[in-house]
Amino acid sequence: MKPIHQSIEALKNLELSKYPRDEIQSIFNEIGRIGFVEVIFHKGKVILRSRPNYNGERFEKKSDYSFKPQECNKTYQRASTPHSTMFYGTVVPEKIQPGELDNMRVIGIAETIPMMKDNQQSGYQKISFGKWVVAEDIRLIAIVYKESFSKESSYTKELADAYKGFLYSTSLENQERSLSFTSFLADEFSKEKISGDYEYMISALFSELVIQKGLDGVLYPSVRVSGRGFNIAITPEATNKLKLIAAGECSVYKLREDTVVGNDAIVELDGTEETFILRDIERNEKEYLARLGVTSIEDLR
1011 MKPIHQSIEA
1021 LKNLELSKYP
1031 RDEIQSIFNE
1041 IGRIGFVEVI
1051 FHKGKVILRS
1061 RPNYNGERFE
1071 KKSDYSFKPQ
1081 ECNKTYQRAS
1091 TPHSTMFYGT
1101 VVPEKIQPGE
1111 LDNMRVIGIA
1121 ETIPMMKDNQ
1131 QSGYQKISFG
1141 KWVVAEDIRL
1151 IAIVYKESFS
1161 KESSYTKELA
1171 DAYKGFLYST
1181 SLENQERSLS
1191 FTSFLADEFS
1201 KEKISGDYEY
1211 MISALFSELV
1221 IQKGLDGVLY
1231 PSVRVSGRGF
1241 NIAITPEATN
1251 KLKLIAAGEC
1261 SVYKLREDTV
1271 VGNDAIVELD
1281 GTEETFILRD
1291 IERNEKEYLA
1301 RLGVTSIEDL
1311 R
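My numbering numbers the first residue of the sequence shown as 1011 and each following residue consecutively.
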């Protein structure tokens, strides 16, 4: 078995812009057995799916809040390949410590609206949310071994500590191999500055490998909120274990570092509807804009 540091260096030295899919898979196959943390989401766990609205579109179908259709899935993403679409969502831990992020909408907005990455940028964006609830256990591999994120979330620290506790019951060689590789993977899943979709190849192909092993997907800290919240990516088949219980539409008003989110429409569901009609809510746009010290959306352009 090749030393783990050699495998990691081989992955780091790949010219990802050439899309070396076969080479990445070959290196993964050489690595052998590595210990990981498995997380199970039980019945009742809430998952939020977010997607921006453009050109006045409105989403009133269950499928609008689910995974991207495979025929539209053309690029590598953080946890999916062009060959295998995935359902992306955001979650927060069951136990939140004082001061920790407890709002899934904040994570969803940060993940899906590009202007949120730039504190000097202002603008307006409509966004929709689908609230899903787990109806049947979902099994995930957790990518949590990143020291800087452990400081941002007690849940990340809890998972990382449990992982290290498990590894200490194994051989020293397995400890070193597992910690080195999972630390490398955590860096891949937390890449922030991306030149092209090829930058996601390693994390995406690892996620594909997880699926091939029979799990439903992966759980990883959200880099867009500095590890204070979490994302999941699960297979289309695993969405059959979820029920859509609410959908809503919001407006995001941003003036540089300050952001206000207003509710525009909502509908509550019983989990069986394929189509539905969103109910408009009275908008307090003037109030939202006033909080930012402006009088019109044009002031945010």
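The beta carbon of each residue, even a glycine, is placed where N, CA and C say it ideally should be.
Whole angstroms are fine: how far does the CA of residue j sit from the CA of residue i?
i	j	result
Ala1256	Ser1060	12 Å
Pro1103	Phe1139	19 Å
Leu1026	Phe1038	15 Å
Gly1066	Asp1274	13 Å
Ile1137	Ile1014	43 Å
Leu1265	Arg1115	18 Å
Ala1248	Asn1129	36 Å
Arg1293	Thr1166	37 Å
Glu1048	Glu1081	30 Å
Ala1170	Val1154	6 Å
Val1101	Glu1202	20 Å
Tyr1210	Met1126	20 Å
Leu1024	Phe1216	15 Å
Glu1110	Glu1259	Annotation note: pLDDT 47 at Glu1110 (below 50); position unreliable, no value reported.
Asn1250	Ile1287	22 Å
Arg1289	Asp1268	28 Å
Glu1297	Val1277	23 Å
Asp1146	Thr1285	The sequence shown places Glu at residue 1146, not Asp. Cα to Cα, Glu1146 sits roughly 22 Å from Thr1285.
Tyr1064	Lys1141	20 Å
Pro1062	Gln1185	42 Å
Phe1077	Arg1311	31 Å
Ser1164	Pro1231	12 Å
Lys1022	Phe1069	41 Å
Met1011	Ile1050	31 Å
Consult DSSP for residue i and reduce its assignment to one of helix, strand or coil.
i	result
Arg1311	coil
Phe1046	coil
Ile1244	strand
Tyr1075	helix
Gln1035	helix
Pro1124	helix
Ala1275	strand
Arg1059	strand
Arg1068	coil
Leu1026	helix
Thr1095	coil
Arg1289	strand
Ser1017	helix
Val1228	strand
Glu1259	strand
Leu1252	strand
Leu1219	helix
Gln1135	strand
Val1304	coil
Tyr1298	helix
Val1102	coil
Gln1080	helix
Met1011	coil
Glu1110	At Glu1110, the pLDDT of 47 sits below 50, so the modelled position is not reliable; the number obtained from the coordinates is stated separately. Reduced to three states, the DSSP call for Glu1110 is coil.
Please check the pair residue i and residue j, which I expect to be a contact at CB under 8 Å, by giving their CB distance rounded to whole angstroms.
i	j	result
Tyr1086	Ala1214	5 Å
Tyr1208	Tyr1098	19 Å between Cβ atoms; not a contact.
Ser1017	Glu1040	6 Å
Val1262	Ala1243	That belief does not hold up - the Cβ atoms of Val1262 and Ala1243 are roughly 23 Å apart, past 8 Å.
Ile1057	Leu1252	7 Å
Phe1199	Arg1088	6 Å
Gly1272	Glu1308	At roughly 17 Å, the Cβ-Cβ gap does not stay under 8 Å, so Gly1272 and Glu1308 are not in contact.
Ser1094	Glu1218	6 Å
Val1143	His1052	Going by Cβ atoms, the distance from Val1143 to His1052 rounds to 11 Å, so no, they are not a contact pair.
Ser1188	Leu1195	Not quite, the Cβ-Cβ distance comes to about 10 Å (not below 8 Å), so this is no contact.
query = Using 8 Å as the Cβ pair cut-off and three pairs as the minimum, do the segment 1228 to 1241 and the segment 1112 to 1122 touch?
reply = Yes, they touch.
ask   = For the segment 1140 to 1216, which segments carrying the beta strand (DSSP E) assignment without a break, of at least 3 residues, lie completely within its bounds, in sequence order?
value = Counting only runs of 3 or more residues that sit fully inside the segment 1140 to 1216, the beta strand (DSSP E) segments are 1148 to 1152, in chain order.
ask   = Contact between the segment 1215 to 1226 and the segment 1178 to 1185: three or more CB pairs below 8 Å?
value = Too few Cβ pairs lie closer than 8 Å, so no.
inquiry  = Check whether the segment 1291 to 1310 and the segment 1139 to 1152 touch, using three or more Cβ-Cβ pairs below 8 Å as the test.
reply    = Too few Cβ pairs lie closer than 8 Å, so no.
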